[in-house]
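First the structure, in the form of structure tokens, and then the observations on it.
Protein chains: 2
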Amino acid sequence: MSRTADAGVRLALIETAARLVAQEGPDALTTRRLASEVGTSTMALYTHFEGMDDLLRAVRLEWFNRLSNHLAEVPQTADPVADLAAVGWAYFFSAVENEHMFRITVVEPLPDPGVATHATEAFGVLVNSVQRCTDEGRLRPGDATARALQIWMMGNGVLVACTAGFITVDDAIDHFYEMARSLLTTFGDDPESAKKSFARGRRRMERQTKSPPPGTPSPRLGHIVATPPA
Amino acid sequence: MSRTADAGVRLALIETAARLVAQEGPDALTTRRLASEVGTSTMALYTHFEGMDDLLRAVRLEWFNRLSNHLAEVPQTADPVADLAAVGWAYFFSAVENEHMFRITVVEPLPDPGVATHATEAFGVLVNSVQRCTDEGRLRPGDATARALQIWMMGNGVLVACTAGFITVDDAIDHFYEMARSLLTTFGDDPESAKKSFARGRRRMERQTKSPPPGTPSPRLGHIVATPPA
DNA sequence: ATCTTGCCATAGCAACGTTATATATCAATG
DNA sequence: CATTGATATATAACGTTGCTATGGCAAGAT
């Protein structure tokens, strides 16, 4: 009928599905709702994808791409630990502000053989940031991938507790801060230096994202999702 | 028709629902399947509960009770850090062996005003274990609840990565081990003492659970669920 | 000009959670 | 003992879900 986008129904499906999941949660993503929003029929889903799960996989993949870009935008300075902290905060807040996306990508992903490559791309930003800390002498030599993995899992634990409602966002920020410093110290950084660098990275993060005073009651949705797809 | 249990249809519903979720995942818990297994009609759900979500809340509550008992069974020795490690391992393996229960209780719980009291009971075991470490001089003075919370979130982060398929169970065990030691060291324990105590607690855990060689490919389900309800 | 191919709308199916209605069972009461 | 009231259950149905079968339409190829 309306034929909203002659070329790119597939992209419209991914984009609309991502928006529905991000803004209203996974339950809002139904075949008929999706078709209605895109301006087509439910059949479009099955001509362009194998089904709802397949579409969700595409949404997750798209989200990993945006996350990679988002994390890669964090600038590198002379303080690699502050940079690492900034990457950590960028990840943390993107998860808080898009908790539904966080859940379908990290917490309860569908089985997907091809996810490793795209998740690795975003994860690689973190690994590189850790590697820089080692290269520049802040951390004692060690496996950057394993260290990045531990940082990532630690942050996810805090994020799960936060998004599941066990702790507030403010408490999550504090614990994330302390636990990350604990790990960095274990990796060899001087406790005081880690403290200063983490405070630096946190300040940078707060300065960059215009106005997220840590007391935001409800997370702002669509922060990253609002950016146009590649 | 069959009238399997004259008194206790409500308990049968909880038990059967718990079994279905634990053994086959949340998708296996449907009204008709549940009614079929219990030997009644779908109406039983709505006479004894307000609906499926309400039943799931009861299942989660029952699970918290069993988890409390399970953790409280960990014996206390002269080494409080080894005891804490043993509690951590008990929690870790109960989550791995009953990952569906872990998810509906910790990762994606339903909104429930009364959950705090029952979750707190299980969480209290961990807090007390941390408090003992402080009381006996292994950790510097500090908030035991906050420290227990950090240990809990850290473990959940590893468990989520494990149950979501990002890392293997064996890797999860190693990372859990290292990250917990990192936190304990930050809390003031001597790194070498922490290492020894954690090895001790881990050995105790492996000795107690008859035969879970860390290379178990598929988690053994129904470990805790198999215990009869109180 | 006909055939083929790909995309989409309509309609429908099985299964889901939930509800309405009617029947059965049992305690209490006259 | 008979009757009433309440509770629990079985049957059937409703609205919605993901998904599929079918038919038609438009464009490219021969």
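Protein chains in written order, with the working numbering: chain A, 1 to 230; chain B, 1 to 230. Each residue gets a CB set at the ideal place from its N, CA and C atoms; glycine is no exception. Being a predicted model, the structure only gives us computed values, none of them experimental.
Within chain A, partners of residue i - CB distance below 7 Å
i: residue 101/B; result: Correct list: empty, because the minimum Cβ distance to chain A is about 15 Å.
i: residue 52/B; result: By Cβ distance, chain A contributes nothing, its closest Cβ being about 14 Å from residue 52/B, past 7 Å.
Per-residue burial, residue i [other beta carbons within 10 Å of its own, 16 or more giving buried]
i: residue 62/B; result: buried
i: residue 205/A; result: buried
i: residue 60/A; result: buried
i: residue 127/B; result: buried
i: residue 153/A; result: buried
i: residue 155/A; result: buried
i: residue 269/B; result: Past the boundaries of the shown model lies residue 269/B; chain B is included only from 1 to 230, so the question cannot be answered.
i: residue 1/A; result: Note that residue 1/A has pLDDT 37, beneath the 50 cutoff, so the model's placement of it is unreliable and the number below is only indicative. Residue 1/A comes out exposed.
i: residue 179/A; result: buried
i: residue 8/B; result: exposed
i: residue 228/B; result: Reliability of the predicted coordinates at residue 228/B is poor, the pLDDT of 36 falling under 50, and the value obtained from them is presented with this limitation in mind. It counts as exposed.
i: residue 80/B; result: buried
i: residue 131/A; result: buried
i: residue 238/A; result: In this structure chain A extends from 1 to 230, so residue 238/A is not present and cannot be described.
i: residue 114/A; result: exposed
i: residue 117/A; result: exposed
i: residue 25/A; result: exposed
i: residue 101/B; result: buried
i: residue 201/A; result: buried
i: residue 55/A; result: buried
i: residue 46/B; result: exposed
i: residue 186/B; result: buried
i: residue 140/B; result: exposed
i: residue 78/B; result: exposed
i: residue 110/B; result: exposed
i: residue 103/A; result: buried
i: residue 13/B; result: buried
i: residue 51/A; result: exposed
i: residue 142/B; result: exposed
i: residue 207/B; result: exposed
i: residue 66/B; result: buried
i: residue 3/B; result: Annotation note: pLDDT 38 at residue 3/B (below 50); position unreliable, no value reported.
Heavy atom of the ligand ADP within 6 Å of residue i beta-carbon
i: residue 62/A; result: By its list of ligands, the structure shown contains no ligand whatsoever, and the ligand ADP lies outside what it can speak to.
Cβ separation of residue i and residue j, assumed to be a contact under 8 Å, to the nearest whole Å
i: residue 58/B; j: residue 49/B; result: 7 Å
i: residue 38/B; j: residue 96/B; result: Going by Cβ atoms, the distance from residue 38/B to residue 96/B rounds to 28 Å, so no, they are not a contact pair.
i: residue 99/B; j: residue 163/B; result: 4 Å
i: residue 68/A; j: residue 125/A; result: 6 Å
i: residue 166/A; j: residue 105/A; result: The Cβ separation is near 20 Å, so there is no contact.
i: residue 182/B; j: residue 182/A; result: 6 Å
i: residue 176/A; j: residue 158/A; result: 5 Å
i: residue 189/B; j: residue 138/B; result: 5 Å
i: residue 107/B; j: residue 107/A; result: 6 Å
i: residue 71/A; j: residue 122/A; result: 6 Å
i: residue 21/A; j: residue 11/A; result: The Cβ separation is near 16 Å, so there is no contact.
i: residue 146/B; j: residue 134/B; result: That belief does not hold up - the Cβ atoms of residue 146/B and residue 134/B are roughly 12 Å apart, past 8 Å.
Partners in chain A for residue i, counting only beta-carbon separations shorter than 8 Å
i: residue 24/B; result: Result: empty, since nearest Cβ-Cβ is about 16 Å, beyond 8 Å.
i: residue 180/B; result: Those within 8 Å of residue 180/B in chain A number zero; the least Cβ separation is about 11 Å.
i: residue 164/B; result: 106, 107, 108 and 109
Contact set between residue i and chain B, taken where Cβ atoms lie within less than 8 Å
i: residue 274/A; result: Missing from the structure shown is residue 274/A; chain A here goes from 1 to 230 and no further.
i: residue 70/A; result: Per Cβ cutoff of 8 Å: no residues; residue 70/A is ~20 Å from chain B at best.
Beta-carbon neighbours of residue i, restricted to chain B and to distances below 7 Å
i: residue 90/A; result: Result: empty, since nearest Cβ-Cβ is about 18 Å, beyond 7 Å.
Interface residues of chain B facing residue i [CB-CB closer than 9 Å]
i: residue 48/A; result: Here the premise fails: no neighbours, minimum Cβ distance about 25 Å.
Problem set entry | Ranges of the alpha helix (DSSP H) found wholly within the stretch 129-198 of chain B, counting only runs of at least 4 | Look at the stretch 129-198 of chain B and you find these whole runs of alpha helix (DSSP H), each 4 residues long or longer: 144-163 and 169-186.
Exercise. Looking at chain B, which residues of the stretch 143-157 of chain A have a Cβ within less than 9 Å of any of its Cβ atoms?
Worked result: Contact residues of the stretch 143-157 of chain A toward chain B are 146, 149, 150, 152, 153, 154, 155, 156 and 157 (C-beta to C-beta distance below 9 Å).
Exercise. What are the uninterrupted segments assigned as alpha helix (DSSP H) that are 4 or more residues long and contained completely in the stretch 60-120 of chain B, given in chain order?
Worked result: Taking only runs of at least 4 residues, the alpha helix (DSSP H) segments lying wholly in the stretch 60-120 of chain B are 80-97 and 99-102.
For this session: Could you run through the stretch 182-212 of chain A and flag, in chain order, every residue whose CB is less than 8 Å away from some CB of chain B?
Result: From the stretch 182-212 of chain A, only 182, 183, 185 and 186 have a Cβ closer than 8 Å to chain B.
For this session: Could you name the residues of the stretch 115-127 of chain A whose beta carbon sits closer than 7 Å to any beta carbon of chain B, in the order they occur along the chain?
Result: Result list empty, no residue passes.
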